[in-house]
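All residue numbers for the sequence shown refer to my numbering, where the first residue is 1 and numbers rise by one. These notes are about the structure you will find just below.
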Amino acid sequence: MQVIAEGISHVYGPLPVLEGVDLRVREGEVLAVIGPSGCGKSTLLSILGGLLRPTEGRVLLQGKAPDGCLNPLTFVFQDFALLPWRSVAGNVALVLEHHRLSPREREARVQEALARTGLEDFAAALPKQLSGGMRQRVGIARALAVQPAVLLLDEPLSALDAQTRELLMEDFEALWMREKTTAVYVTHNLSEALRLADRVAVFSRRPGRLKEVVEIPIARGKRANPQAQAELVALHERLWGLIRLEAQSAVSELEDG
């Protein structure tokens, strides 16, 4: 399924956040979204996912949802958003409870999602008993349980330590190489974007405008190869060059504020 944003603008009161954004997320691709702090990345994700109505413009979905899809658009958040009194399996099952599924169907979906994220042995555990990385895996399993057409990820690794982030990036790589789920991945981390995405959408500082979409021509499974490193470094420098001055201005603005 494709996601198409046409002429998206948004304001919060007198504050313009996004302006004239035209963007297409191709079926089966991972599109990373980067830009200076406060440029409207999370706002754009909320608009794409239908949580927020844009001031101007519209979002279109094109194509057929996969078989068994319950929610075409599904979020994975930075803060895990788990219910502390529910077990791992209970948190995953939460998103299925308002759908017309038999108990057997619901249990099968929960078990499949736990298996896909390596959580089978932790089904009965409570969130407080898990590491940050494991809690985020629960959030991913919960999203996968509805078999979404499009995953919308809002800085899902930014609250984690470097080692845990590396392990979860491996999980994401395996997921997208295996299942080709369309995804929009908001991040501040250029290395994350270059490792996980097929293309990177670069936004200006507020109001966020789409500056450029950069293609990553190296197959995701080959980016760890030594011969790919020089090209990845050049792409990193290109992305940083597109946002560096505006990122510095955004930081200064926040500090002055």
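Each residue gets a CB set at the ideal place from its N, CA and C atoms; glycine is no exception. Keep in mind it's a predicted model, so treat the numbers as computed, not measured.
Straight-line Cα distance separating R26 from I218 | 17 Å
Kindly list the residues whose CB is nearer than 8 Å to the CB of P84, restricted to its own chain and excluding five residues on each side of it in sequence; keep chain order.
-> L126, P127, K128
Which value, in whole angstroms, describes the spacing of the CA atoms of H10 and L101?
-> Approximately 37 Å, taken between the alpha carbons.
Answer yes or no: do E173 and L190 have a C-beta to C-beta separation smaller than 8 Å?
-> Not in contact: E173 and L190 (Cβ atoms no closer than 8 Å).
Within its chain, find whatever has a CB closer than 7 Å to the CB of G262; leave out the 5 residues flanking it on each side and keep chain order.
-> An answer regarding residue 262 cannot be provided, because it is not within the stretch 1 to 257 covered by the chain.
Residue of V184, N225, S46, P16 minimising C-alpha distance to R24 = For the options V184, N225, S46, P16, the alpha carbon positioned closest to that of R24 is the one of V184.
Counting pairs of beta carbons, one from the segment 141 to 160 and one from the segment 109 to 123, are three or more of them closer than 8 Å?
-> yes
Would you report the Cα separation of S158 and G132, rounded to the nearest angstrom?
-> 11 Å
Out of curiosity, what's the CA-to-CA distance linking E237 and A230?
-> 11 Å
Can you tell me the Cα-Cα spacing of A5 and R209, whole angstroms?
-> 12 Å
Tell me, which residues are paired with L152 by DSSP?
-> L152 is bridged to F75, V184.
Per DSSP, what kind of secondary structure is D171 in: helix, strand or coil?
-> It is helical.
Is L151 closer than 8 Å to V76 when the C-beta atoms are compared?
-> yes
For K41, three-class secondary structure by DSSP = helix
Check whether the Cβ atoms of F203 and V33 lie closer than 8 Å to each other.
-> yes
D171: which of R244, G221, L15 sits nearest, CA to CA?
-> G221
Any idea which residues DSSP pairs Q2 with across the strands?
-> Q62
Inter-residue spacing [alpha-carbon to alpha-carbon] between A65 and V88 | When rounded, the distance between both Cα atoms is 27 Å.
Who does L31 pair with in a DSSP beta bridge?
-> Paired residue(s): V184, R199.
Would you decide whether N91 is buried or exposed? Buried here means 16 or more other CB atoms lie within 10 Å of its CB.
-> buried
Compare the beta carbon distance of L18 and P207 with 8 Å and say whether it is the shorter of the two.
-> yes
Which ranges does the alpha helix (DSSP H) cover as unbroken runs of at least 4 residues, wholly within the segment 108 to 165, from first to last along the chain?
-> 132 to 145
Out of curiosity, what's the CA-to-CA distance linking R109 and F122?
-> 16 Å
Over what stretch of residues does the alpha helix (DSSP H) that includes V92 continue unbroken?
-> Unbroken alpha helix (DSSP H) run through V92: 88 to 93.
Span separating the alpha-carbon of R178 from that of V3 | If you draw a straight line from the Cα of R178 to the Cα of V3, it is about 21 Å long.
Following the continuous beta strand (DSSP E) through R24, name the residue where it begins and the one where it ends.
-> 15 to 25
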